[in-house]
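Heads up, the thing below is written out as structure tokens.
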Amino acid sequence: MSTMIASSQTDADDAIVQTFESTTTAADSYSSESSAVAVPRAAVIGNGDIYSFTDWNRELASGELDTCMLARGALIKPWLPQEIKEQRHWDISATERMDILKNFVKYGLEYWGSDDSGVSRCRRFLLEWQSFLHRYIPVGLLERVPHQMNERPPRFCGRNDLETLLASQDSNDWVKITEMAGLPAPSSDYKFTPKHRANAYASLKTDTWNTSAKKQVQSVVSGGQLQKEGPPPMKKQKLG
Ligand SMILES: Cc1cc2nc3c(=O)[nH]c(=O)nc-3n(C[C@H](O)[C@H](O)[C@H](O)COP(=O)(O)O)c2cc1C
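If you count the sequence shown from 1, position 82 lands on 81 in numbering that gives the first Met the number 0, and the numbers rise without skipping.
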């Protein structure tokens, strides 16, 4: 957690207030009309690592901050402000999370337009967002709550196919999710690379993913029930 406006800034603000007050007092002696105006103190805003309401409470408890800003926490858990307001860890369902994406597409197309350019812009922003969203680990799967933003869990299977799919680190699955959220499929050679790779998940090879989780994702992506077990499809290899 860093503080956007350091205490020295507060001191500086106090000095400005004092200077202002002494100036107005001097000016007042030349004028019968008093014009003392209170200069509001600058707000001190905490920044960084807020991922749950307990993080929020801990930072605010210091008494030094007026408020905190949310960055990655709100990108990974867009319902974080509600958790803070209601002071609870929300075990949000995969369907509810999918509804958030559907809403994004609805409003995105309204805003950017539903022509080719609007659709591709909406897809692009949704995919960038998914590079954060997929990091969410459902509260109901955690051994201990709360989860810290920078903890890297092992790959996991969700409680249903959709929950597993939403945790996929494979950007091809993210493209499939944009289609499930209501966007048309892009051209078959479309590839997405996230702009913000700081989450470091991208460095993991999808091959290392738990086979069972991968299988479930393939099932959701193909729009059906869990398929029968079988070897993954062979990739065509160039010979020679
Ligand atoms: C997607 C993204 C974009 C950001 N862009 C900027 C930026 O343009 N300028 C900046 O000063 N900080 C930027 N930040 C940093 C955040 O403002 C914030 O300081 C940082 O993420 C720490 O807060 P967090 O732990 O809640 O993420 C960005 C962060 C993220 C996640």
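By construction, the Cβ of each residue, glycine as well, lies at the ideal position given by its N, Cα and C atoms. Please read these numbers as outputs of a predicted model, since none were measured by experiment.
Lys101 and Gln86 have their alpha carbons spaced roughly 26 Å apart. Taking the Cβ atoms as the reference, Glu127 lies roughly 6 Å from Lys194, within the contact range of under 8 Å. Between the alpha carbons of Ser113 and Leu79 lies a distance of about 30 Å. Rounded to the nearest angstrom, the gap between the Cα atoms of Tyr50 and Gly181 is 28 Å. Distances from the CB of Gly45 to the heavy atoms of ligand 1 are all 7 Å or more.
If you compare the alpha carbons of Lys84, Asp48, Leu64 with that of Leu74, the shortest gap goes to Asp48. The alpha carbon of Arg134 has as its nearest neighbour, out of Asp169, Phe103, Asp160, Cys121, the alpha carbon of Asp169. Cβ contact annotation for Gln129 (same chain, cutoff 7 Å, sequence separation greater than five): Trp173, Ile176, in chain order. In this structure, the alpha-carbon of Arg71 lies about 42 Å from that of Ala35. A straight-line Cα-Cα distance of about 34 Å links Thr94 and Ile44.
By the C-beta density criterion, Ala60 is exposed, having fewer than 16 other C-beta atoms within 10 angstroms. Here the alpha carbons of Leu164 and Pro145 stand approximately 22 Å from one another.
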